[in-house]
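Asks: Residues 2 to 121 (this note's numbering) are what the sequence shown spells out, left to right.
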Amino acid sequence: MNLYEHTIVARQDTSPSELKQLTEKYSKIVEKNDGEIVKTENWGLLNLSYLIKKNKKGSYIHFKLKGKGKVVNELEKNEAIDKKLLRYLTVKVKKFDLDTNYFSKRDDGEKLEKKEKPTN
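#1: Please classify Ala81: is it buried, with 16 or more other beta-carbons within 10 angstroms of its beta-carbon, or exposed?
#2: Of the residues Gln22, Thr41 and Asp14, which one's Cα is nearest the Cα of His7?
#3: Excluding the five sequence neighbours on either side, which residues of its own chain have a C-beta within less than 7 Å of the C-beta of Arg88, listed in chain order?
#4: As a quick exercise: from Ile38, Lys69 and Lys71, pick the residue whose alpha carbon is nearest that of Ile62.
#5: Could you check how far apart the C-beta atoms of Asn43 and Leu20 are, in whole angstroms? I think they sit under 8 Å.
#6: Please report how far the alpha carbon of Asp100 lies from the alpha carbon of Gly36, in whole angstroms.
#7: Excluding the five sequence neighbours on either side, which residues of its own chain have a C-beta within less than 8 Å of the C-beta of Lys95, listed in chain order?
#8: Using DSSP's beta-bridge definition, name the partner residues of Asn3.
#9: Can you give the Cα-Cα distance for Glu75 and Phe64, rounded to whole angstroms?
#10: Looking at the structure shown, is Asn79 part of a helix, part of a strand, or coil, going by DSSP?
#11: Which residue or residues does DSSP assign as beta-bridge partners of Tyr61?
#12: What number of angstroms, rounded off, separates the C-alpha of Leu113 from the C-alpha of Gly59?
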């Protein structure tokens, strides 16, 4: 099985309940096509670097998934016709980084730093 990181960007006016429905919808598509969702992350509402369909911001949802190429084809086919989405991107990776959460918010204002692996 191949490993993929898949990110979708929803419109800025999408409600939290609609975002949850989107996450469930695309998770079901992955599972229906013999894929497996390893991790789902909601990155929240982030600024876009340029206007996309008159939107300055977008709600990001990131999936780490295992599956064959047909899983990605089916996901992208459904996302291309979804009016709630602005963009989507799938990247094939060699292994997942499940430790680092790049978009978590710290209370003490620290910058997120990647954990170094101990050398033995």
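From the three backbone atoms N, C-alpha and C, an ideal C-beta is built for every residue, glycine too. All figures in this text were calculated on a predicted structure; none of them were measured in a lab.
Replies: So, from the data block:
#1: With fewer than 16 other Cβ atoms inside 10 Å of its own Cβ, Ala81 counts as exposed.
#2: Ranking the options by Cα distance to His7, first place goes to Thr41.
#3: Val10 and Ile53.
#4: For the residues Ile38, Lys69 and Lys71, the minimum Cα distance to Ile62 belongs to Ile38.
#5: For Asn43 against Leu20, the beta-carbon gap comes to about 7 Å, under 8 Å, which counts as contact.
#6: The alpha-carbon atoms of Asp100 and Gly36 are separated by roughly 22 Å.
#7: Taking C-beta separations shorter than 8 Å and ignoring five residues to either side along the sequence, the partners of Lys95 in its chain run Leu4, following chain order.
#8: Partner(s): Gly68.
#9: Between Glu75 and Phe64, the alpha-carbon positions lie close to 15 Å from each other.
#10: In the structure shown, Asn79 falls within a helical segment according to DSSP collapsed to helix, strand and coil.
#11: DSSP lists Val10 and Gly45 as partners of Tyr61.
#12: Unreliable placement is indicated for Leu113, whose pLDDT of 49 sits below 50; no coordinate value is reported for it.
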